[in-house]
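Trainee:
2 protein chains.
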Amino acid sequence: MRIGSKLSAELEGRSIIGESRGAAGDKTFKAIDPRDGSEIGPVFYSALDAEVERAAELADSARREFAELSNKRRSGFLSAIAENLESVGTALVRRAALETGLPETRFEGELERTCGQIRMFAKVVSEGSWVDARIDRAIADRKPLPKPDIRSMLHPLGPVAVFCATNFPLAFSVAGGDTASAFAAGCPVIVIANKAHPGTAEIAAKAIAKAVSDMGLEEGVFSLIFSDGYAAGQSLVSNPLVKAVGFTGSRKGGRALIDIAAARPEPVPVFAEMSSINPIFLLPGAIAERGPSIAEGLHASFTLGHGQFCTKPGVVVLPEYVAAGPFILRLLELTKGSDPVPLLTRKIFEDYMEKIESREKVELERGEGFRVPVAVSTIRAREFFKHPSFADEIFGPSMLLVLVDNDDEMFDIAEGLEGQLTATIHGTDDELSQNRTLLSILATKAGRLIFNSFPTGVEVCAAMVHGGPFPATSDPGSTSVGKRALRRFARLVAYQDFPDSALPDQLKDSNPLEIKRFEE
Amino acid sequence: MRIGSKLSAELEGRSIIGESRGAAGDKTFKAIDPRDGSEIGPVFYSALDAEVERAAELADSARREFAELSNKRRSGFLSAIAENLESVGTALVRRAALETGLPETRFEGELERTCGQIRMFAKVVSEGSWVDARIDRAIADRKPLPKPDIRSMLHPLGPVAVFCATNFPLAFSVAGGDTASAFAAGCPVIVIANKAHPGTAEIAAKAIAKAVSDMGLEEGVFSLIFSDGYAAGQSLVSNPLVKAVGFTGSRKGGRALIDIAAARPEPVPVFAEMSSINPIFLLPGAIAERGPSIAEGLHASFTLGHGQFCTKPGVVVLPEYVAAGPFILRLLELTKGSDPVPLLTRKIFEDYMEKIESREKVELERGEGFRVPVAVSTIRAREFFKHPSFADEIFGPSMLLVLVDNDDEMFDIAEGLEGQLTATIHGTDDELSQNRTLLSILATKAGRLIFNSFPTGVEVCAAMVHGGPFPATSDPGSTSVGKRALRRFARLVAYQDFPDSALPDQLKDSNPLEIKRFEE
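Chains A and B, in that order, give the protein sequences. Residues -16 to 503 (this note's numbering) are what the first sequence spells out, left to right. Residues -16 to 503 (this note's numbering) are what the second sequence spells out, left to right.
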């Protein structure tokens, strides 16, 4: 039996370097329960430099074979991962709840989403058309020169480094969207576990390792690195064998990795999703029609997951001149009734307290563990413009209402936005058509525009765009959620004048995989 | 009459900042005839810093209106540019030949290619499906949560800075592929003219400016910047209003721009095409079957355009153990009969002389102007491995034959390659199927794989890939030639739960543009 073929929820605390386990080195850390700040066992061992290098070498060795795996086998590999995750589902959910202070029900949903998205990619791979195959046939008698036969399609980029997100221990972590889409595209993956939920990482990683082993794939297809600090991740991103990076996290962390990847002798793409305040614009008609109901939706949205969603609405712009009373009253009522909630890590907790205290000029009461109060505040637009930092993301259950005197102030706020994952408008249909300018500005700012709904809850589907201009992401041309996500980890390759037998199946005359192709 | 509506080949030597002309500042330069090194009139004035900034501001102002132009109008704009270029074709061809030392016939072909590719993009735009529209319809009664309506498509990125290539004054310069594809995607363009052919740039720029003016588009849709040095280009790439960069040129120049763009507060993508030695692997059967004819094709390919094509084959790998005699004899015969040819600039000329002299350990004879001799040399693989610089691109009519003792040496050379635009194999069909390893390695290295043909001559068609891993380009996921090229200048935007009337036409239920869409 190969290592990895045994699936258990027992934690060893060691990195998973292909088929091997990391050494029990000097640097260790433990997970922390955010509800009371206490340590949770077992000990996790930071990977040694040589282990990080070894993971990259193994991934490079596995690169070609994994790239050339049949669609059926690759799809089967993804399905096996989803099955393995489900078979350790109870342990995963329990450990994720323990390491995050979030309820188990949340992780039941997140596990379903995680497996759902892996299976979506399995389907995309098995269907096969995602490779964007295009065929231009030769025209031998074209003048002045014969036209060659040109066919092209997407190939995998090579080994991908994936960084786990603090706020999604399942859906954007070890077996999350980046890993699933990189595997789907045909790339080996090396995951850097998140210090906040290493146990969850280990359980998920073993589910993947078992699929690798059971299917007889090369061990380098997958590795998991534990690390107490940033060094392992930075060294992995610097490694010349790594060809792309997926990251979901803070602006500072993302930027650091982007800078490292850009400074390499061979720069490589970093698909980083970093920071977004997901502004909501409330138009008068909507507030008048359904103020209290908007307040309820908004409250649910900005407190979801304790306000630690990348799509959490952080700023709501509304006109002062309308009867916003019922909306504001209902919002304050809901907020007042909110209990303090634990944030994911000490760092996130401290950032939240510092930013809210500085913005509100108050001293907040400290709760147990990493608990913070829900915070809603109101400001006039002219004050908002004076404090650029008010437009920075605050991770946690806070929200800022910005009151505008007129449309121009509203447009100015929209124009002044940095890149966003989402931007939302609440209004009547008539208001929306009368506000083409607002919509037109927001379309240049955000990856997803939402009407009369809320930005949290990112549907996993073909058309979804979870992306946006910097700092929302580092590549507005791509999305990290939805069927298009695997495109990030692929590159174009053309074949000129090849005999049919030497072409990949996707480009053969007979189209044996029966994929959709573009032919001139 | 607006400025720009008059089309003339008379050169003014001033930058074109929307509807205005640049000032006659202190810094000036002239074009140079590479055949004798003499200056050609008129004087060209370097743009002032304020003019570069003004061009970016105008482009930003024009951004939204140009993005929202109908497909019909945008397609008409592109067609008008092609027509205008043709109407000044004689002047363009004559000036390009004068500024490059290349024959006029070459530019007759290049002009045809340039207009052909603009018209190809006009068709892509008018057909409209390139926006990758995807529709996921709402499912109101889905459990546990209703499914929202999600629709998405590509939107333009915003103002694009385009750098003209030294070696293609028409097809990769002012009205070349980057500009045409950026316009097609809906982005305003600011072009940095190449010092080597400013007159050609001005004539082409006026053809574009006239189309902008005739169609009543905002002036900021297009500007042209003349600059004696690198400052204007660097300042443009640093400008926060510029959202993407297209570059074709040297590895050093490309890398400098990539680094500037990556260091911005908001990093932006640079689509740089830089450096490639386009290796050719000759297998024994092919040499035995048609050695002399391969030599002829190879000679034509590496001397085309005086060896200044980005797809020039710089290294040819062949087995020593076969009867390569007839191939080598024919190649040397052709080379010996070659006259010295002028290279495009003093810098390219000096680089060529220095690199060849250092590689060959000889002193080459200097010809008139920027003329250089055709240089073919032969080396054993083990010597090649000792000199990493031998795998660097040399711009100009040189070629290195590398003799390998066995397949392993051939694989080692392939594995050691940096990213390439192309890689070519000559062999019999049987040899190709027996050499899966070579093909499999090369598929990880190059953007285009060629069988029994030569890499120069990049067909403009739907399936073409003119791209490849670094340093061939900075983004192996993209291509700068072919229908996919406009994808570089676009980003994804999703619309959630929008009323049909507020959606872009591409996403409306009735599909009024009748484009191909992906619907689940």
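Cβ atoms here follow ideal geometry from the backbone N, Cα and C, with glycine treated the same way.
#1: For E497/A, decide whether its Cβ has a neighbour in chain B, counting only Cβ atoms nearer than 8 Å.
#2: Keeping to the same chain, check which residues put their C-beta closer than 7 Å to that of G72/B; ignore five residues upstream and five downstream.
#3: If contact means a Cβ-Cβ distance below 9 Å, which residues of the stretch 422 to 446 of chain A contact chain B?
#4: Could you tell me which residues DSSP pairs with V145/B in its beta bridges?
#5: Any residues in the stretch 254 to 267 of chain A with a beta carbon nearer than 9 Å to a beta carbon of chain B? Which ones, in chain order?
#6: Looking only at its own chain, which residues have a Cβ that is under 7 Å from the Cβ of R506/A, when we skip the five neighbours before and after it?
#7: Whole-angstrom Cβ separation of G237/B and A255/B, contact assumed at under 8 Å?
#8: Would you identify the three-state DSSP class for G24/A, choosing helix, strand or coil?
#9: For the stretch 472 to 488 of chain B, enumerate the residues whose C-beta is nearer than 7 Å to any C-beta of chain A, in chain order.
#10: Assign L240/A to buried or exposed, taking buried as 16 or more other Cβ atoms, counted over all protein chains shown, within 10 Å of its Cβ.
#11: Roughly how many angstroms separate the alpha carbons of S(-12)/A and S360/B, rounded to a whole number?
#12: Answer with buried or exposed for M(-16)/B, where buried requires no fewer than 16 other C-beta atoms within 10 angstroms of its C-beta.
#13: Output yes or no for whether 8 Å exceeds the beta carbon distance between D115/B and M136/B.
#14: Three Cβ pairs or more, each shorter than 8 Å: is that satisfied between the stretch 148 to 161 of chain A and the stretch 69 to 84 of chain A?
#15: Between the C-alpha atoms of T11/A and L(-6)/A, what's the straight-line distance to the nearest angstrom?
#16: Using the C-alpha atoms, what's the distance from K193/B back to A227/A?
#17: Measuring CA to CA, which of K295/B, G111/B, D16/B and R470/B is closest to P139/B?
#18: Pull up the CB-CB distance for P454/B and E398/B, whole angstroms please, since I reckon it's below 8 Å.
#19: Counting only C-beta atoms, is L94/A closer than 8 Å to chain B at any point?
#20: Within the continuous beta strand (DSSP E) that includes Y213/A, where are the two ends?
#21: Counting C-beta neighbours from all protein chains within 10 Å, is the total for V507/A 16 or more, i.e. buried, or is it exposed?
#22: Among P275/B, P267/B and H289/B, which has the Cα closest to the Cα of E303/B?
#23: For T294/A, which option in L422/A, D16/A and T407/A has the closest C-alpha, if you only look at C-alpha atoms?
#24: Given a cut-off of 8 Å on the beta-carbon distance, is the pair A374/A and V298/A in contact?
#25: Taking Cβ positions only, does G236/A come closer than 8 Å to chain B?
#26: Take the Cβ of Y478/A as the centre, count every other Cβ of all protein chains shown within 10 Å, and call the residue buried at 16 or more, exposed below.
#27: P459/B touches chain A at which residues, Cβ-Cβ below 8 Å?
#28: Under 8 Å: do the stretch 55 to 70 of chain A and the stretch 32 to 41 of chain A share three or more Cβ pairs, one atom per stretch?
#29: Mind listing the chain A neighbours of E503/B? Cutoff is C-beta to C-beta under 8 Å, in chain order.
#30: Counting along the chain, where does the alpha helix (DSSP H) carrying P275/A start and finish?
#31: With distances taken between CB atoms, is the gap from F292/A to R329/A smaller than 8 Å?
#32: Got a sec: which bits of the stretch 309 to 337 of chain A sit with their beta carbon under 7 Å from any beta carbon on chain B, in order along the chain?
#33: Out of curiosity, what's the CA-to-CA distance linking G160/A and F104/A?
#34: Please name the residue, chosen from R89/B, E392/B, D124/B and G99/B, that lies closest to A65/B on a Cα-to-Cα basis.
#35: Output, in chain order, the set of chain B residues within a Cβ distance shorter than 8 Å of E51/A.
#36: Scan the stretch 288 to 338 of chain A and note each continuous alpha helix (DSSP H) run of 4 residues or more that stays entirely inside, going in chain order.
Mentor: To lay it out plainly:
#1: No, E497/A lies away from the interface with chain B (no Cβ there is under 8 Å from its Cβ).
#2: L94
#3: L422, S423, I424, A426, T427, A429, G430, R431, L432, I433, F434, N435, S436, P438, G440, E442, C444, A445 and A446
#4: V174/B and G229/B
#5: none
#6: Residue numbering for chain A in the displayed model covers -16 to 503; residue 506/A lies beyond these limits and cannot be assessed.
#7: 4 Å
#8: strand
#9: A473, R474, L475, V476, A477, Y478, Q479, D480, F481, P482, S484 and A485
#10: buried
#11: Because the pLDDT of S(-12)/A is 41, which lies under 50, any placement of that residue in the model is unreliable, and the number read from its coordinates should be weighed accordingly. Rounded to whole angstroms, S(-12)/A and S360/B show a C-alpha spacing of 55 Å.
#12: The predicted position of M(-16)/B is uncertain, since its pLDDT is 33 and thus under 50; a value taken from the coordinates is nonetheless stated next. With fewer than 16 Cβ atoms within 10 Å of its Cβ, M(-16)/B is classed as exposed.
#13: yes
#14: yes
#15: 14 Å
#16: 43 Å
#17: R470/B
#18: Not confirmed; about 17 Å, so no contact.
#19: Interface annotation, L94/A: not in contact with chain B, CB-CB separation never under 8 Å.
#20: Here Y213/A belongs to no beta strand (DSSP E), and DSSP marks it neither H nor E.
#21: Residue 507/A is absent from the model: chain A starts at -16 and stops at 503.
#22: P267/B
#23: Per the Cα distances, T407/A.
#24: Result yes, Cβ atoms of A374/A and V298/A sit closer than 8 Å.
#25: no
#26: buried
#27: L140, R474 and L475
#28: no
#29: C444, A445 and A446
#30: P267 to T286
#31: no
#32: Per Cβ criterion, the list is empty.
#33: 9 Å
#34: A65/B has its Cα closest to that of G99/B, out of R89/B, E392/B, D124/B and G99/B.
#35: S423
#36: 308 to 319
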